[in-house]
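Sequence positions in the sequence shown follow numbering that gives the first Met the number 0 and run 0 to 396.
Glycine is no exception: its CB is placed at the ideal position from the N, C-alpha and C atoms.
None of the values given here were measured: they were computed from a predicted structure.
What follows is a single structure, written as structure tokens, with notes after it.
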Amino acid sequence: MSELTASSRQTPVERLFQPIKVGRYNLPHRIVMAPLTRSRACQPVNAPTPLNSCRYYAQRTSAALIISEATQVSIQVQGYTWTPGIYNREVEGWRLVTDAVHMAGGLIFLQLCHVGRISHSSLQPDGMLPVAPSAIKPSGEAFIENDKGEGEWVSFVTPRALQIEEMPYLVRQYARTAKNALAAGFDGVEIHAANGYLLDQFIESSTNRRTDRYGGPIENRARLLLEVVEAVVEVWQPDRVGVRLSPLGTYNDINDDEPETTFGTIADKLSAYRLAYLHVVNPALAAIEQRAEPDARALRMIDLMREKYRGTLIMAGGFDLDTAEAWLRQGKADLIAFGRRFLANPDLPERFRRRAPLNADDRSTYYGGGAKGYTDYPTLAQERGEEPKPCVDERWR
Ligand SMILES: Cc1cc2nc3c(=O)[nH]c(=O)nc-3n(C[C@H](O)[C@H](O)[C@H](O)COP(=O)(O)O)c2cc1C
Numbered sequence: 000m001s002e003l004t005a006s007s008r009q010t011p012v013e014r015l016f017q018p019i020k021v022g023r024y025n026l027p028h029r030i031v032m033a034p035l036t037r038s039r040a041c042q043p044v045n046a047p048t049p050l051n052s053c054r055y056y057a058q059r060t061s062a063a064l065i066i067s068e069a070t071q072v073s074i075q076v077q078g079y080t081w082t083p084g085i086y087n088r089e090v091e092g093w094r095l096v097t098d099a100v101h102m103a104g105g106l107i108f109l110q111l112c113h114v115g116r117i118s119h120s121s122l123q124p125d126g127m128l129p130v131a132p133s134a135i136k137p138s139g140e141a142f143i144e145n146d147k148g149e150g151e152w153v154s155f156v157t158p159r160a161l162q163i164e165e166m167p168y169l170v171r172q173y174a175r176t177a178k179n180a181l182a183a184g185f186d187g188v189e190i191h192a193a194n195g196y197l198l199d200q201f202i203e204s205s206t207n208r209r210t211d212r213y214g215g216p217i218e219n220r221a222r223l224l225l226e227v228v229e230a231v232v233e234v235w236q237p238d239r240v241g242v243r244l245s246p247l248g249t250y251n252d253i254n255d256d257e258p259e260t261t262f263g264t265i266a267d268k269l270s271a272y273r274l275a276y277l278h279v280v281n282p283a284l285a286a287i288e289q290r291a292e293p294d295a296r297a298l299r300m301i302d303l304m305r306e307k308y309r310g311t312l313i314m315a316g317g318f319d320l321d322t323a324e325a326w327l328r329q330g331k332a333d334l335i336a337f338g339r340r341f342l343a344n345p346d347l348p349e350r351f352r353r354r355a356p357l358n359a360d361d362r363s364t365y366y367g368g369g370a371k372g373y374t375d376y377p378t379l380a381q382e383r384g385e386e387p388k389p390c391v392d393e394r395w396r
């Protein structure tokens with residue numbers, strides 16, 4: 000389960016462990032836990048499971064900041080089976096998670112998400128169609144629960160285009176769930192506008208064919224995101240709100256005709272809100288996954304995000320210790336978020352600090368299931384025979 004490159008033994012790790020102020024919080028270092036959907040919410044209410052989720056997040060509080068898994072802003076929003084919401088009774092479940100994280104000394108933002116067309120009728124109330132900016136079916140498959148109660152991947156369906164009269168309700172869903180997140184004891188919220196979900200579907204030209212004030216020029220396609228930002232900022236104040244974008248990302252069958260104009264404009268507009276941070280999924284992620292050099296377009300986009308966003312920038316996607324350190328050194332980002340490495344290494348900062356080997360992640364346990372591949376990845380402390388830090392209180396037993 001280990002990996003350590005020879006070269007990583009040579010560069011000193013300095014930047015990753017420099018403190019930084021993000022919004023109103025002083026963070027001890029720059030290693031962030033990226034949002035990770037794990038499809039283990041308890042049924043039928045889609046709340047985090049008291050034992051597992053509390054333990055999972057509490058185990059990872061050595062992150063300077065944890066960003067939670069994507070969390071639904073309404074009953075209409077379920078995109079994958081067994082994912083959590085925060086629009087109703089789930090608030091109490093989340094309260095247990097935030098208490099566990101705080102008890103272990105951590106900081107946690109909730110990722111607010113509307114999946115839009117990345118869903119399936121079987122995940123919607125009364126089998127209704129998922130909603131989207133335009134009625135365009137994504138290619139690919141949705142993760143649903145079949146008749147036997149097992150997870151299954153099935154073709155997406157053609158979504159229903161949202162009526163303009165529905166837009167204020169959408170914004171209100173974010174405002175209401177932002178208030179719920181406050182009640183649940185989170186330290187902030189991240190608005191998910193990345194990876195081909197609803198807000199990204201409005202932003203990018205391939206999924207938005209509207210002719211009203213939410214479609215056409217980028218000023219219109221950015222409108223819903225900015226309305227959501229304004230609603231959420233009113234609840235939380237800007238210095239506890241982040242936004243996630245994925246320029247050049249193609250995940251969930253999405254694409255933009257003029258990505259530099261689109262994402263440059265959005266980064267510029269977001270700067271005006273003085274948010275806690277902008278969180279960008281690395282435009283070079285696809286190349287990194289294929290072990291190829293990033294193309295010129297990706298490199299330009301990375302620079303563009305830095306230039307247009309005048310605030311704290313988190314970058315995520317494909318980083319290891321050396322590349323993270325190098326990006327911070329080169330000033331391309333202020334913090335680095337790690338997804339799969341945090342999933343498999345609850346004590347990632349300690350491992351980085353000691354240049355210790357990393358556990359490899361097990362893809363077969365990403366989504367659904369129980370403790371296996373969720374809360375049983377070993378820490379260095381456990382390997383040394385030390386007792387795990389207490390992170391379970393009486394309420395979760
Ligand atoms: C199992 C899994 C679940 C994910 N869930 C989310 C999510 O809920 N919200 C989100 O914005 N990104 C999600 N992502 C994307 C990650 O946050 C991250 O951007 C991606 O894994 C690339 O970073 P990495 O190379 O450090 O893993 C997920 C990725 C994985 C592997």
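| Item | Value |
| --- | --- |
| One question on the structure: do P132 and Y213 come within less than 8 angstroms of each other, judged by their Cβ atoms? | yes |
| Could you say which of G150, H191, S121 lies nearest to P158 if we only look at CA atoms? | S121 |
| Where V76 and N45 are concerned, what is the direct C-alpha to C-alpha distance, given to the nearest angstrom? | 12 angstroms |
| Please check the pair Q435 and E189, which I expect to be a contact at CB under 8 angstroms, by giving their CB distance rounded to whole angstroms. | Since the first residue of the chain shown is 0 and the last is 396, residue 435 is not available in this structure. |
| Can you give me the Cβ contacts of V401 inside the same chain, cut-off strictly under 7 angstroms, excluding the 5 residues immediately before and after it? | No statement about residue 401 is possible, as the shown extent of the chain runs from 0 to 396 and does not include it. |
| Taking the alpha-carbon of I143 as reference, which of R208, S118, L161, P124 has the nearest alpha-carbon? | S118 |
| When DSSP labels each residue in this structure, what does Y79 get in the three-state scheme? | strand |
| Indicate, with yes or no, if ligand 1 has a heavy atom lying under 7 angstroms from the CB of E68. | yes |
| Can you name, in chain order, every residue of its own chain whose Cβ lies under 8 angstroms from the Cβ of T82, other than the five neighbours on each side? | T36, S38, A40, N45, E68, A69, T70, Q71 |
| Return helix, strand or coil for F142, following the three-state DSSP convention. | strand |
| Since A160 contacts A134 with CB under 8 angstroms, what's their CB separation in whole angstroms? | 5 angstroms |
| Check whether the stretch 279-298 and the stretch 313-323 are in contact - that is, three or more C-beta pairs closer than 8 angstroms. | yes |
| Just reading off the beta strand (DSSP E) that N25 is part of, what are its end residues? | 24-26 |
| Under 8 angstroms Cβ to Cβ from N51, same chain only, skipping five residues before and after it: list those, please. | R39, G369, A370, Y373, T374 |
| Report yes if the C-beta of Y365 is less than 7 angstroms from at least one heavy atom of ligand 1; otherwise report no. | yes |
| Name the one or two DSSP bridge partners that A131 has. | A160 |
| With E151 as the anchor, note down where its alpha helix (DSSP H) starts and where it stops. | Unbroken run through E151 is the beta strand (DSSP E), 150-154; no alpha helix (DSSP H). |
| Compute the minimum distance between the beta carbon of F318 and the heavy atoms of ligand 1, and state whether it is under 7 angstroms. | yes |
| With 16 other CB atoms within 10 Å as the buried threshold, where does I85 fall? | buried |
| So, are the CB atoms of M127 and F341 less than 8 angstroms apart? | no |
| Measuring CA to CA, which of P345, R309, D294, E288 is closest to I30? | P345 |
| Here's a check: name, in chain order, each residue in its chain whose Cβ is nearer than 8 angstroms to the Cβ of R394, leaving out the five neighbours to either side. | Here R394 scores only 43 on pLDDT, less than 50, and its place in the model is too uncertain to base an answer on. |
| The beta strand (DSSP E) spanning L64 covers which residue range? | 64-71 |
| Bridge partners for M314 per DSSP, in chain order? | V279, I335 |
| Can you tell me where the beta strand (DSSP E) holding D253 begins and where it ends? | Per the sequence shown, residue 253 should be read as Ile rather than Asp. No beta strand (DSSP E) contains I253, which DSSP labels as neither H nor E. |
| Between V90 and A183, what straight-line distance do the alpha-carbon atoms span, to the nearest angstrom? | 6 angstroms |
| Compute every distance between the C-beta of P34 and the non-hydrogen atoms of ligand 1, then say whether any falls below 7 angstroms. | yes |
| Below 8 angstroms, can you find three or more Cβ-Cβ pairs linking the stretch 242-257 to the stretch 267-279? | yes |
| Kindly examine ligand 2 and report whether one of its heavy atoms sits closer than 7 angstroms to the Cβ of Q110. | Ligand 2 is not part of the structure shown, which contains ligand 1 as its ligands. |
| Starting from the Cα of E397, find the closest Cα among R290, T364, I265 and give me that residue. | Outside the shown range of the chain, which is 0 to 396, sits residue 397, and nothing can be said about it. |
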